[in-house]
Amino acid sequence: MAVIGLSMTNERHPANVIYNKNNLRLKVKAFPVNERGGTYHGEKVYTKVSEIPEAVDLAVIATRAQAVLEILNECIHSGTGSAVIISGGFAEAGHIELQERIAAMAREANFPFIGPNCLGIYAPPHVDTFFIPSERIVRPEKGRVALISQSGGVLVDHMVKSAREGFGLSMAISIGNKALIREIELLGYFSNDPETDVIAFYIEGFEKNEGRQFAIEAGKCQKPVIVLKSGKTPMGGRAVSSHSAALAGDYEVFSSVLSQFGVVEAKDEFELIPFCEALCCYQKPIDGRIGIITGSGGHGALAVDTCLSHGLTVPTLGGQDQQNIRERVSPRIQTIASFTNPIDLTGSAVDDDFVEAVNFISQHEAIDCIMILLLPYLPGITTDLGARLSQIYQQSGKPMIGYVPHVEKYLMFVEGFQLNGIPVAHSIEEAVHMAEALRRHQPC
Amino acid sequence: MLTYEMKEILQASVKTGWILEPLAKRLFSLAGMEVPRYVSTKRVEEAALFSKQIGYPVVAKVVSPNVIHKSEKNGVVVGIGSEEKLREIFDRFSKIEGFIEVLVEEMVSGVELIVGATNDFQFGPVILLGTGGIWAEIYKDVVLRMAPLTRKDIDSMKRCLKAHPLLEGYRGAEPINSEALNQLLLTFSDLVMALEQDFESIDLNPVICDSKRCVIADARIMLKK
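Chains X and B supply the protein sequences, listed in that same order.
Using this note's numbering, you'd call the opening residue of the first sequence number 10 and step up by one each time.
Using this note's numbering, you'd call the opening residue of the second sequence number 218 and step up by one each time.
Here's what the structure looks like:
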């Protein structure tokens, strides 16, 4: 990797931050480049990419915008594999023509680049072009979600927030002005990436007809695709001359078309992370027939309300089913628990009661997703429960979603689920949203 | 899918910027969609003869390039029961700005839907199905899908409408002919794709459905500028 634009005087320069973190902590071999040459931290500074004695796979360009065209040209002619253009000062600053020239040059040479005006690619342990010092970021674990964002800030924010949410990232890419490589190319790339199971985007908007192509490609993609959209509200009123135009606002169309093609829309940032977590665990769509198992009648009632208002169903279990579960649970709760769905095992339940109830429901055809609302303060419940329930999932394949209050004291319960592949929500409502995300192909 | 006559209609309307109702209806009927029996004429005798043949009551609408929303200009009268009344309306309509002629057609009743299309910047042709009539924008009961529509899309559009029970026969009413609505939407979807380069938005509002058929009671095509 060549890092072009290294400063000899400013250690906070993006190129210096990128060079140092990659050189010191990542597997990639990094070469510093600055047109004036010299040495940096005892290493030779190359004056241009073509001087580097080894083949360069990636050039990170962090110079001023006016220098980028020539540098890119040199990268192309020296056989460099690709580039990330960190530099700003292109379309976002009104220099549309300059941006079009670099894109046209790369396109003609069939040379891929990300950016400009971006953070680039976060793909530890190999490479990380984000100009954020390592100690400033809460590093997400390596995992199976690819996160792609037009905004670098939104991306880093979500990386930080996802760090303890039970899933990791296969890669995070900030595409900035997306002059050449855009969402649709990355959708294609991650569709075929064996290390990625879920593809999540933050999108501000598409070019003319680009949304159509994106929707069609997302519809063909076997992996769950999640989109968080900004710019939902129009700036000021627009004059429209037909009912259809008035009724089909930009965002209404965006939202409807994506759901038509099975894309999961996260309505806000509070949904994006739990959707990644849930879809990372379960890629097969469900119909949304929920079985609720809890130790509190109130939790069950709240969950039913939320399920129904989100178009999910909570099928009532028949008398024989209820009797079957009753016979399996501990004698002391047999007469006080409720087995209709929600199944309320009461505050006297122990781990075994949850295991028995989940075991039964996971065999029941009327239910295709199990919601476990756990109260970690109940005396009979232990941190083993998550692991035991996940074994039932391994056998039955029926998705489970947990809810555990995310306070520090109960994090062991949370991890008991998460580390064993069961997503855990922060609230009952979030658990329902996770189930809704699993439906995917059901627009209403 | 566009026939020579359809292209002529488009060509003739470029200057106005939109396709007047009689021509729009002609275009949809050429595509195989059902419209009410109608005559569009300046001559009240012709309208009276037509009305007598199909039987009163009839509907009259003003045709004018200056009037996009006819009901806002009092340019629509329904339930006209006699020739005398028809003459009176002809007289009044002829004073409306830009008057060309009067569209007289049979009365149709049933469930009122809106079927529409917009040419979205990001997604291209998009089709809308909703609760129709002049209050469509107030009810906002609409479902949108990117064209071309599949049968699966159409099923989910109908299911997603709040007014869905009306299609199935609410409170003893006969259900609408669902297949007629499917056919109308499929044909409309093909037509919208064929018109992709030409249209900005299309309103078929209302489309009136009963147990037998779905009829385009009003139609307007706004062309790209």
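A virtual CB, placed ideally from N, CA and C, is assigned to each residue, including glycine.
The structure displayed is predicted, hence computed values, not measured ones.
Give me, in chain order, the residues of the same chain whose beta-carbon lies closer than 6 Å to that of residue i; leave out the 5 immediate sequence neighbours on both sides.
i, result
"Met439 (chain B)", "Trp235, Glu417, Ser418"
"Gln427 (chain X)", "Gly175, Val433"
"Arg45 (chain X)", "none"
"Met180 (chain X)", "Ala132, Ala155"
"Lys259 (chain B)", "Glu318"
"Pro382 (chain B)", "none"
"Phe139 (chain X)", "Leu128, Tyr131"
"Ile371 (chain B)", "Asn399, Leu402"
Taking Cβ positions only, does residue i come closer than 7 Å to chain X?
i, result
"Glu314 (chain B)", "no"
"Ala353 (chain B)", "yes"
"Gly292 (chain B)", "no"
"Arg362 (chain B)", "yes"
"Met218 (chain B)", "no"
"Asn422 (chain B)", "yes"
"Gly350 (chain B)", "no"
"Gln339 (chain B)", "yes"
"Leu345 (chain B)", "yes"
"Met439 (chain B)", "yes"
"Val279 (chain B)", "no"
"Ser230 (chain B)", "no"
"Gly193 (chain B)", "Outside the shown range of chain B (218 to 442) lies residue 193 (chain B), about which nothing can therefore be said."
"Ser395 (chain B)", "no"
Just to confirm my understanding: we take residue i, look at its own chain, exclude 5 residues before and 5 after, and list those with CB closer than 8 Å. What are they?
i, result
"Ile364 (chain B)", "First, the amino acid is wrong: residue 364 (chain B) is Ala here, not Ile. Around Ala364 (chain B): Ala334, Gly341, Pro342, Val343, Ile344, Ser406, Val409, Met410."
"Cys377 (chain B)", "Val360"
"Asp358 (chain B)", "Gly347, Thr348, Leu378, Lys379, Ala380"
Could you spell out where the beta strand (DSSP E) holding residue i opens and where it closes?
i, result
"Gly191 (chain B)", "In the structure as shown, chain B starts at 218 and stops at 442, and residue 191 (chain B) therefore has no counterpart that could be examined."
"Tyr260 (chain X)", "Taken as a continuous stretch (DSSP letters only), Tyr260 (chain X) belongs to no beta strand (DSSP E), being part of the alpha helix (DSSP H) at 259 to 269."
"Pro41 (chain X)", "40 to 42"
"Glu322 (chain B)", "318 to 323"
"Ile130 (chain X)", "129 to 132"
Give the secondary structure of residue i by DSSP, where H, G and I count as helix, E and B as strand, and everything else as coil.
i, result
"Glu301 (chain B)", "helix"
"Gly425 (chain X)", "helix"
"Thr404 (chain B)", "helix"
"Lys229 (chain X)", "helix"
"Ser288 (chain B)", "helix"
"Ser158 (chain X)", "strand"
"Arg73 (chain X)", "coil"
"Phe307 (chain B)", "helix"
"Asn422 (chain B)", "strand"
"Phe245 (chain B)", "helix"
"Leu345 (chain B)", "strand"
"Lys418 (chain X)", "helix"
"Ser428 (chain B)", "coil"
"Phe369 (chain X)", "helix"
"Cys285 (chain X)", "helix"
"Arg237 (chain X)", "The sequence given here has Leu at residue 237 (chain X), not Arg. It is a strand residue."
"Arg298 (chain X)", "strand"
I want to see whether chain B comes within less than 7 Å of residue i, judged by CB atoms only; does it?
i, result
"Phe215 (chain X)", "yes"
"Val367 (chain X)", "no"
"Gly177 (chain X)", "no"
"His319 (chain X)", "no"
"Asn186 (chain X)", "no"
"Asn82 (chain X)", "no"
"Leu256 (chain X)", "yes"
"Val154 (chain X)", "no"
"Gly220 (chain X)", "yes"
"Val262 (chain X)", "yes"
Tell me which residues share the same chain as residue i and place their Cβ nearer than 7 Å to its Cβ, disregarding the 5 neighbours each side in the sequence.
i, result
"Arg337 (chain X)", "Glu365, Phe369"
"Leu326 (chain X)", "Phe348, Thr349, Asn350"
"Ala446 (chain X)", "Val273, Phe284, Ala287, Leu288"
"Phe245 (chain B)", "Val252, Ile433, Ala436"
"Gly98 (chain X)", "Arg73, Ala74, His104"
What residue range does the alpha helix (DSSP H) around residue i cover?
i, result
"Lys30 (chain X)", "23 to 34"
"Gly197 (chain X)", "192 to 200"
"Thr315 (chain X)", "306 to 318"
"Ser253 (chain X)", "252 to 256"
"Tyr211 (chain X)", "Where Tyr211 (chain X) is concerned, there is no enclosing alpha helix (DSSP H), although the beta strand (DSSP E) it sits in stretches over 207 to 212."
"Pro439 (chain X)", "Sequence inspection shows Glu at residue 439 (chain X); the Pro mentioned does not correspond to that position. That run of the alpha helix (DSSP H) goes 437 to 448."
"Tyr356 (chain B)", "353 to 356"
Stretch pair the region 265 to 282 of chain B + the region 296 to 307 of chain B: three plus CB contacts closer than 8 Å = yes
Do the region 182 to 195 of chain X and the region 114 to 124 of chain X meet, that is, are 3 or more Cβ pairs less than 8 Å apart?
-> yes
The region 314 to 322 of chain B in contact with the region 256 to 276 of chain B per 3-pair CB rule at 8 Å | yes
Quick check: the region 269 to 289 of chain X against the region 381 to 395 of chain B, are there 3 or more CB pairs under 8 Å?
-> Counting Cβ pairs under 8 Å, fewer than three are found: no touch.
The region 435 to 444 of chain X in contact with the region 304 to 320 of chain X per 3-pair CB rule at 8 Å | yes
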